[in-house]
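See structure below.
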Amino acid sequence: EHGALQYWECVGDDVKPGKVTSFPQSVQLKDGEVVVFAWILYDSREHRDSVNAKVMEDPRMKDMMDPKSMPFDGMRMFWGGFKSVLELSSGPVAAR
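Under our numbering, the first residue of the sequence shown is numbered 474, with each subsequent residue one higher.
This is how it looks when you write it as structure tokens:
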């Protein structure tokens, strides 16, 4: 709706605690919780910034961004931008 090329939201189904680090350790997972991982495909960093600005201006986001209304502890959430170093596919991929 705001211009991202693709969006995935995934629930961990094989994210066991590790000896040194793991998804559960990184978010201080508590009993009864699950790890949710999402990623978004953009055309470029500039495209990402443009899409994110539109998302943050969307009035529907106001209530979702209120920490009291979030269904999770936002203090244990983290995000970042990544540059692709290798891309392989056995089928069609999003046009970029």
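Each residue gets a CB set at the ideal place from its N, CA and C atoms; glycine is no exception.
| Query | Result |
| --- | --- |
| For tryptophan 512 and valine 566, what's the separation of their Cα atoms in angstroms? | 15 Å |
| In or out: valine 484 buried (at least 16 other Cβ within 10 Å) or exposed? | exposed |
| Which residue comes first and which comes last in the beta strand (DSSP E) that contains phenylalanine 510? | 509 to 514 |
| In terms of residue numbering, what span does the alpha helix (DSSP H) encompassing glutamate 519 cover? | 518 to 530 |
| Roughly how far, in whole angstroms, is the beta-carbon of aspartate 516 from the beta-carbon of leucine 478, given that I think they are within contact range, below 8 Å? | 6 Å |
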